[in-house]
Amino acid sequence: MNPNRRHFLSGAAAWMSAPACMAGQRSIKTISLFHTTDLHGHILPSKTYDGIGNVGGLARCATQIRKWRKECPDHLLFDVGDVYQGTIAGYQTEGKVMIDSFNKMGYDGWVLGNHEFDWGIDIVESAIKRSEMPVITGNVTVEEKKAGAIEDGAFTKLAPWIVKEVAGFRIGFVGLTTPGIPYWSRPELLKGFRVFDPIESLRVSVKELGVEKVDAIVVLGHMGWKRADDFANPIQEMLKQVSGIDVYIGGHSHQDRPAWYWSNVLCTQANYYGINCGRVDLSFDLESRKLVKRNAWTVLMDDRFALDPVIVESTKTIVENAEERRQTVIGEVREKISARGKSSPFWQLICTAFMKTAEKQKIFSEGVFHGTFGNSDVDPGVKTIEDAWQWIPYENWLVHARITGAQIRVIMAESKEDRYSDRNLFGLDPADIQPDKRYGILFNSYDSQSGGRRLMFLRTILEEPASETRLIPVNTRESVIDYFADNYEVK
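Residue numbers (my numbering): 1 to 491.
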């Protein structure tokens with residue numbers, strides 16, 4: 001090949017791969033927005049739902065973000081929610097490891113996701129208090145006071161929107177969380193915290209940002225890409241009803257969607273667990289001050305990216321403690337425990353564990369309504385905390401209620417209509433259930449709130465005063481761990 005041509009091609013390739021902020025167009029100013037979402041406590045790499053390993057983690061994202069920051073001096077950094085629930089490190093530190101990492105990385109703001117509430121409002125309040133940056137979530141109230149109008153305590157940091165001035169341009173950021181939270185989280189966990197319609201909240205925020213004379217509006221929404229809107233992700237309707245939005249950065253649905261348009265709004269979403277890191281470039285004409293170009297993309301955080309040494313060092317002790325906990329032995333299985341079918345031996349083990357835990361709390365029950373989280377058998381051998389996290393991947397709580405036999409039948413029929421459900425009734429023979437008699441039944445907190453609107457009859461029944469519904473302050477995973485330790489001794 002002609003050396004001059006080789007030189008030209010290599011130079012052209014470098015130019016084409018250069019970020020817009022490096023293009024050197026004097027009449028254009030580009031501001032870059034970096035974003036993460038649904039990290040779920042993952043500092044280190046993990047694997048995808050499809051089993052692809054050694055990807056993601058905040059430490060990898062931090063490496064990419066530092067590189068981008070060097071390339072683009074005019075930048076901001078945000079997270080779109082579900083920050084800390086999902087790993088042993090997150091659980092042991094009650095989310096502090098993630099918030100401290102955000103502080104160290106200089107995030108400019110983050111949004112509350114639904115899983116922020118899994119451990120109760122006190123943990124949310126602690127996380128907000130610890131955060132050195134604003135928490136941008138507009139469609140919420142605390143003790144009936146809207147975000148931005150709270151006068152004391154940590155929740156004063158809650159803002160429906162913020163304005164960041166970068167390179168002389170004012171960009172408004174609106175934060176919203178999913179309206180699905182009340183259908184997943186118990187009122188005992190939310191306490192005085194309420195979530196309302198994001199569309200109305202967005203409409204008000206956009207109007208207020210108009211008064212602020214911003215040059216662009218970006219929505220940070222813990223609602224994600226779906227082929228069609230659902231109760232938890234009303235993005236299409238929201239962007240259709242509210243005009244004046246330039247970019248929507250999403251989360252919640254665990255999708256890698258680098259760029260798509262809806263109602264002329266550029267939308268983007270950066271996967272989950274830090275498996276992808278996202279970026280949006282906003283280019284403004286310096287003379288007219290108009291937004292003239294919008295670009296969005298995501299980058300796979302695979303082994304091309306080293307772990308950021310600052311994040312690794314600052315979280316080292318926490319990660320080591322989590323690893324020690326992960327390997328802690330809880331018992332030994334001598335014969336395979338089958339998880340096949342709705343009445344499998346493994347399902348019986350889980351339900352028995354819940355009943356024993358409730359008994360320790362002086363709460364007695366005749367039955368358990370629950371399922372398993374998959375159909376993988378428990379093979380013989382020593383079992384650890386890591387196994388328990390695979391068996392029970394979510395931080396649900398136990399809920400007890402006294403309901404009639406007729407109501408039990410309604411709940412069972414409703415569950416059968418959900419083709420994805422493996423829930424079943426443990427401890428009672430359906431043939432012996434008396435319609436008018438009340439029975440003490442255990443549920444998990446997620447199902448008791450409707451299981452994401454799949455069990456609305458169950459929710460309504462448990463809301464009746466006669467049901468005497470109460471939350472038992474015990475994590476369902478910890479219940480199984482304790483039962484296993486008591487009944488599966490290592491020989």
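Quick reminder that beta carbons are idealized off the backbone N, C-alpha and C, glycines included.
Go to residue i, then tell me how far its beta strand (DSSP E) extends in each direction, as first and last residue.
{"i": "VAL497", "result": "Nothing about residue 497 can be read from this structure; the chain reaches only from 1 to 491."}
{"i": "TRP184", "result": "Unbroken run through TRP184: none, as it is neither H nor E."}
{"i": "ASN444", "result": "438-444"}
{"i": "LYS492", "result": "An answer regarding residue 492 cannot be provided, because it is not within the stretch 1 to 491 covered by the chain."}
For a test of the three-state rule: what should DSSP assign to residue i, helix, strand or coil?
{"i": "TRP119", "result": "coil"}
{"i": "THR476", "result": "helix"}
{"i": "TYR261", "result": "strand"}
{"i": "ALA13", "result": "Because ALA13 sits at a pLDDT of 31, beneath the cut-off of 50, its placement in the model cannot be relied upon, and the following sentence gives the value as read from the coordinates. It is helical."}
{"i": "CYS61", "result": "helix"}
{"i": "GLU165", "result": "strand"}
{"i": "CYS72", "result": "coil"}
{"i": "ARG334", "result": "coil"}
{"i": "TYR248", "result": "strand"}
{"i": "ASP486", "result": "helix"}
{"i": "ASN321", "result": "helix"}
Within a Cβ cutoff of 7 Å, which residues of the same chain sit near residue i, ignoring the five residues on either side of it in sequence?
{"i": "ASN475", "result": "GLU395 and TRP397"}
{"i": "ASP215", "result": "PHE169, ARG170, ILE171, PHE284, ARG289 and LEU291"}
{"i": "ALA147", "result": "THR137, GLY138, VAL140, LEU158, ALA159 and PRO160"}
{"i": "PRO45", "result": "ASN54, VAL55, GLY56, GLY57 and ARG60"}
{"i": "SER263", "result": "LEU239 and LYS240"}
{"i": "ASP422", "result": "LYS342, GLY371 and THR372"}
{"i": "ASP197", "result": "ASN139 and PRO179"}
{"i": "LEU190", "result": "PHE117 and ILE121"}
If you drop the 5 nearest sequence neighbours on each side, which residues of the same chain put their C-beta closer than 6 Å to that of residue i?
{"i": "SER445", "result": "ARG186, ASN396, TRP397 and VAL399"}
{"i": "SER17", "result": "At SER17 the pLDDT is 38, less than 50, meaning the model places this residue with poor confidence and gives no usable figure here."}
{"i": "GLY251", "result": "THR37, ASP38, VAL80, GLY81, HIS222 and GLY224"}
{"i": "SER448", "result": "VAL399 and LEU462"}
{"i": "TRP347", "result": "THR372"}
Beta-carbon within less than 8 Å of residue i's beta-carbon, same chain only, minus the 5 sequence neighbours each way: which residues are those?
{"i": "GLY374", "result": "ALA339"}
{"i": "LYS70", "result": "none"}
{"i": "LEU286", "result": "ARG26, SER27, ILE28 and LYS29"}
{"i": "GLY427", "result": "CYS351, MET355, SER365, GLU366, GLY367 and VAL368"}
{"i": "ASN103", "result": "ARG130, SER131, GLU132 and MET133"}
{"i": "ASP377", "result": "LYS336, ILE337, SER338, ALA339, ARG340 and PHE346"}
What's the call for residue i, buried or exposed, on a 16-neighbour Cβ count within 10 Å?
{"i": "GLU116", "result": "buried"}
{"i": "PRO134", "result": "buried"}
{"i": "GLU132", "result": "exposed"}
{"i": "GLY90", "result": "buried"}
{"i": "VAL490", "result": "exposed"}
{"i": "ASP108", "result": "buried"}
{"i": "LYS316", "result": "exposed"}
{"i": "LYS383", "result": "buried"}
{"i": "PRO393", "result": "exposed"}
{"i": "THR460", "result": "exposed"}
{"i": "GLU151", "result": "exposed"}
{"i": "GLU144", "result": "exposed"}
I'd like the span of the alpha helix (DSSP H) that includes residue i, first residue to last.
{"i": "LYS96", "result": "96-105"}
{"i": "PHE284", "result": "Element bounds for PHE284: not the alpha helix (DSSP H) but the beta strand (DSSP E), 276-285."}
>> Contact between the segment 332-349 and the segment 94-106 is defined here as three or more beta-carbon pairs at a separation below 8 Å; is this criterion met?
In response: Counting Cβ pairs under 8 Å, fewer than three are found: no touch.
> Touch check for the segment 291-305 and the segment 275-282: three-plus C-beta pairs under 8 Å?
Replying inline: Short answer: they touch.
>> Closer than 8 Å is the cut-off here; do at least three beta carbon pairs connect the segment 317-331 with the segment 348-358?
In response: Between the segment 317-331 and the segment 348-358 there are fewer than three inter-stretch CB-CB distances shorter than 8 Å, so the stretches are not counted as touching.
> Between the segment 206-213 and the segment 238-256, are three or more C-beta pairs nearer than 8 Å?
Replying inline: Taking 8 Å as the limit for Cβ pairs, the verdict is that the segment 238-256 does touch the segment 206-213.
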